[in-house]
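Going letter by letter, the sequence shown gives residues 12 to 352 in this note's numbering. To keep things clear, I will list the structure first and then write my remarks on it.
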Amino acid sequence: MNSIFLKALNGEITDRPPVWMMRQAGRYLPDYMKLREKYSFFDRVETPELATEITVMPINQIGVDAAILFSDILVIPKVLGIDVRLIPGKGPLLEKTIKTYADCDALNTFDVVERMPTVSSCIQMIKQELPSNIPLIGFAGAPWTVFCYMIQGKGSKDFSEAKSFAFSQPDLAMKVLEKITESTIEYLKNQIASGIDAFQLFDSWGGLLDKANYLKFSFPYIKKICDAIPGFPKIIFAKGGWHVLEDLNRLECNGLGLDWTIGADYAKSIIQPNIAMQGNLDPSLLLSSDETLINSTNDMIKSFQGRPYIANLGHGILPNIPVEKAKLFVNTVKSYKYKND
Ligand code: 1CP
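Right under this line is the structure:
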């Protein structure tokens, strides 16, 4: 294993932390913006040459230690039969939302893999392109987060329609969540068969639920996915999930992603020593002065010292972050040496 990222995910304390950034493959990169003008979002995701070019960009241009597949969590509603469009300047829009048992029954969970034929060829082409020490991270949305979009139909600050749906019709919500879970397992198994080295589940909207409802509507489905794919390197990231960290710590997983509201001391007091911690710089710090960014990054690394650790942001990199700042963050991590402390 010659990847520092996989070593840390395997529970090793590496000489310096490995580093990658959530959402590193799009958004802020000028070369990505050029491709965005020419091709639709799902063309970029589904054409192996384009997905490969975009996935590899941050390796060559920023110097991160791992690549993440250029795709989206909304591939799942799409294969279940709900068309998704990206509205420029607004975000994703789903063609219809789930309201009734009939809508749920109409979701097509058969032949999930056959209906996303290019995922395998994208992964295979990316793997050929990547240097042998740079692993490829696959991913999917956690079922609760995908459910939020399938009920709300678009992005939202509070996903109140998705939440009130779950609270008022829990049996139907769980039926929808089961279908999302089943197809996500098939999807991830296909990503693994095609060559990914690890995967991350993004529960971006998990933090919108209180603990009791998280344990009802999110955690069991994440657990089902982890248990269905034992022994394969996996990271679970629940944004805003500090209140359920002790539950996430019980999952069959190798890494837990942390956002910037979780202090390293608190995380260390909860998380088992063999689980790697990943995070958790506030992405907005990449909009501050070089000195503030360097000091905050070094302080962050120091605070996680003594544990297997992967440096990352606490959520996705923002579209308005200058490329130079992303490079400075990555280079600061790469020049950190634990043994000099
Ligand atoms: O044309 C464009 O640039 C569209 C923007 C875009 C991009 C670059 C979307 C639509 N998806 C992606 C790629 C993507 N999405 C990646 C891989 C590449 C990368 O950016 O590194 C990943 C890992 C995701 C995951 C994703 N999509 C999440 C989880 C991570 C997170 O940020 O919390 C979520 C919530 C989505 C939904 C989604 N897809 C796209 C947008 C704009 C959104 C957010 C919508 C919203 O709720 O406002």
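For glycine and all other residues, C-beta sits at the position ideal for the given N, C-alpha and C.
Residue 263 to residue 285 span [Cα, whole Å]: 12 Å
Enclosing beta strand (DSSP E) for residue 259 [first to last residue]: Not the beta strand (DSSP E): residue 259 falls in the alpha helix (DSSP H), residues 256 to 259.
Distance between beta carbons of residue 63 and residue 137, contact taken as under 8 Å: 5 Å
Straight-line gap, residue 33 to residue 43 (C-alpha atoms, nearest Å): 16 Å
7 Å CB neighbourhood of residue 109 in its chain, flanking five on each side removed: 115, 161, 162 and 187
Any 3 or more C-beta pairs closer than 8 Å across the segment 82 to 100 and the segment 126 to 141: yes
Residue of 26, 120 and 141 minimising C-alpha distance to residue 197: 120
Contact under 8 Å by Cβ, residue 289 with residue 323: yes
Among 13, 80 and 26, nearest to residue 320 - alpha-carbon criterion: 26
Residue 351, DSSP secondary structure in three states: Annotation note: pLDDT 49 at residue 351 (below 50); position unreliable, no value reported.
Which of helix, strand or coil DSSP assigns to residue 204: helix
Classification of residue 361 by the beta-carbon crowding that lies within 10 angstroms, buried from 16 upward: Not covered by the structure: residue 361. The range shown for the chain is 12 to 352.
Entirely enclosed alpha helix (DSSP H) segments - the segment 34 to 108, minimum 4 residues: 41 to 49, 52 to 57, 59 to 72 and 86 to 91
Whole-Å CB distance - residue 148 paired with residue 78, under 8 Å assumed: 7 Å
Continuous beta strand (DSSP E) stretch holding residue 24: start and end: Per DSSP, residue 24 belongs to no beta strand (DSSP E) and is neither H nor E.
Runs of beta strand (DSSP E) wholly within the segment 226 to 251 (minimum 3 residues, chain order): 245 to 249
Straight-line Cα distance separating residue 145 from residue 14: 6 Å
Assigned secondary structure, residue 322 (DSSP; H/G/I helix, E/B strand, else coil): strand
Cβ contact check for the segment 293 to 302 and the segment 255 to 262: 3 or more pairs under 8 Å: no
Length of the line joining the Cα atoms of residue 24 and residue 317: 7 Å
Check: residue 156 C-beta below 7 Å from any heavy atom of ligand 1: yes
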